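Under the working numbering, the residues of the sequence shown are numbered 9 to 352, in order. For each residue, glycine too, the CB sits at the ideal point set by N, CA and C. Keep in mind the model is a prediction, meaning the values are calculated, not measured. Structure first, then comments.
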Amino acid sequence: MLPLSYTQIQHVFTTIKSRSQQIVTNYFFNTQENLFLYYQDSDACIFLQKQNDFYRLYFIGSEQAYIEYLLQTLTIPFRVILENVTTNQALSLSTWHYETTYVRLAKTLRLSSDSTMDSSRYVATLQAEHLLRLLCRDFNKYFDYLPSVAALQRRIDSKHVLCITRENKLALGDISQSILGYLVFIPKGKSAYLNFIANYGGKTSLLTLWNVFYTCLSKFRIGSLHLWCNIHNQKAMRMYTKESFMPSGLQNIIYSKNLFAKKICFWTPYVACLPSDIHSLSPLYSINLYLRNTGGGGQLPFLNILFDIYYSIKSIVFCIVSHCVIVVLFCFLFYFIIAYVFFP
């Protein structure tokens with residue numbers, strides 16, 4: 009199956025919108041590569057974007073209730089991330105695992121041309137591969153949209169990557185030992201997006217990094233700045249509050265399926281036929297997925313029912329056995345305490 013083209017996705021938007029006054033979607037044409045159709049009918053479309061070891065799920069529909077129904081009932085047997093950018097209304101997805109929420113923060117900048125700081129000395133000259141290794145270490149590959157080496161190299165070449173190092177220069181040895189902090193931003197018109205920021209040094213290196221950044225933005229004639237921050241990263245939230253960032257009202261609620269499963273199949277159209285009750289796995293559990301080649305894509309509902317019954321019984325038995333073991337251990341502990349206290 010070939011990836012979807014921009015024209016095909018635009019056609020889906022147009023077709024659904026012609027039947028409804030509104031569009032419910034989490035796809036804003038921000039990415040157009042490796043998108044494959046997973047489900048489509050007259051009222052909705054679901055497509056996936058292939059990443060290294062997981063998929064991002066995007067949807068287009070006329071009603072939120074119908075999108076929720078599809079996401080609840082469709083069999084999705086692989087590692088998937090689902091994001092929903094909204095102002096206040098979250099998706100109702102009981103069969104998905106809630107991961108976290110990112111909030112959009114923004115601030116207005118004062119343009120200044122009288123800065124005496126030479127920001128050019130802090131423009132990163134390191135190789136993209138080295139910086140990507142730091143990004144992979146410091147950020148979450150599922151939620152933070154780590155760039156490719158090529159995209160990162162374009163940022164470096166465009167002087168959109170700032171770096172604080174010991175003695176303000178890159179060491180020739182281990183680069184991770186020389187960097188005290190780095191920052192990646194994306195200017196667009198009179199606004200800029202703060203993509204990544206990390207600080208390994210103390211307060212001094214962080215303040216220097218911010219001051220250099222503001223100087224660069226002033227030279228680009230940038231008047232506003234925005235970013236997305238994980239609400240569970242309280243240290244970062246406090247830092248942005250000190251820098252006078254304010255919530256803009258948008259939030260990105262992130263859900264997942266099978267994120268911690270150790271054995272996961274990769275999706276091929278009309279190949280996967282698996283039980284549907286494998287959502288919300290914790291890191292303590294692993295699952296085995298059974299694949300069956302269906303030839304032309306036909307499903308065997310009876311086998312799916314048997315799989316569902318098997319895994320349901322297995323879960324119930326495991327729960328009962330676990331509780332019995334806990335009760336037995338508690339009884340033994342209680343017996344030894346009584347024996348020790350009253351019959352020394």
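With respect to Q161, A200 sits apart: the two C-beta atoms are not nearer than 9 Å. Each of H138, T173, L170, L65 was checked against the Cα of S156, and the nearest Cα belongs to H138. When secondary structure is reduced to three states using DSSP, W218 falls in the helix class.
Per DSSP, reduced to three states, the secondary structure at H105 is strand.
Annotation for Y110: W236, N238, N260 place their beta carbon closer than 6 Å to its own, counting only its chain and skipping 5 residues before and after. Shown here, T33 sits in a strand according to DSSP, grouped into three states. Inter-residue distance for A114 and C332 is about 53 Å (C-alpha atoms, whole angstroms). In this structure, the CA atom of L214 is about 17 Å from the CA atom of H168. In this structure F21 does not touch N266 by the C-beta definition: roughly 29 Å separates them, more than the 8 Å allowed.
Here DSSP, grouped into helix, strand and coil, assigns H331 to helix. Relative to D51, the option among L65, D61, L43, V32 whose CA is nearest is V32. Taken through DSSP and simplified to helix, strand or coil, K198 comes out as coil. Collapsing the DSSP output to three states places Q59 in coil. In the three-state scheme derived from DSSP, where H, G and I count as helix and E and B as strand, S13 is classed as coil. For a cut-off of 8 Å, the C-beta gap from I89 to S264 is around 6 Å, short enough to register as a contact. The bridge partners DSSP lists for Y263 are L90, Y106. Contact check for L217 against I205 passes: the beta carbons are separated by less than 9 Å.
Around the beta carbon of R163, 16 or more other beta carbons lie within 10 angstroms, which makes this residue buried. In this structure, DSSP gives K149 a state outside helix and strand, which the three-state scheme calls coil.
If you check the CB distance, L79 and Y46 do not come in under 9 Å.
Along the length of the segment 230-265, whole beta strand (DSSP E) runs at least 3 residues long occupy 232-238, 254-265, reported in chain order.
By the neighbour-count criterion, in which 16 or more other beta carbons inside 10 Å mark a residue as buried, C171 falls on the buried side. In this structure, Y14 keeps its C-beta atom at 9 Å or more from the C-beta atom of I68.
R174 and K149 have their C-alpha atoms spaced approximately 28 Å apart.
Shown here for G189: same chain residues with a beta carbon closer than 7 Å to its own, the five before and five after excluded, namely I172, A206, N207, Y208, G209, S213, L214, L217 in chain order. Listed in chain order, the non-local C-beta contacts of E41 below 8 Å within the same chain comprise P11, Q57, local neighbours out to five positions each way being set aside. For L45, no alpha helix (DSSP H) run applies; the uninterrupted beta strand (DSSP E) run containing it begins and ends at 43-48, by DSSP.
For V169, the uninterrupted beta strand (DSSP E) segment begins and ends at 169-173. Assignment of A114 by DSSP, reduced to helix, strand and coil, places it in the strand class. Counting only the Cα atoms, F338 lies some 33 Å from T103.
A straight line joining the alpha-carbon of L143 with that of F55 spans about 27 Å. DSSP, read as helix, strand or coil, puts A98 in coil. Between L119 and S226, the CB-CB gap stays under 9 Å.
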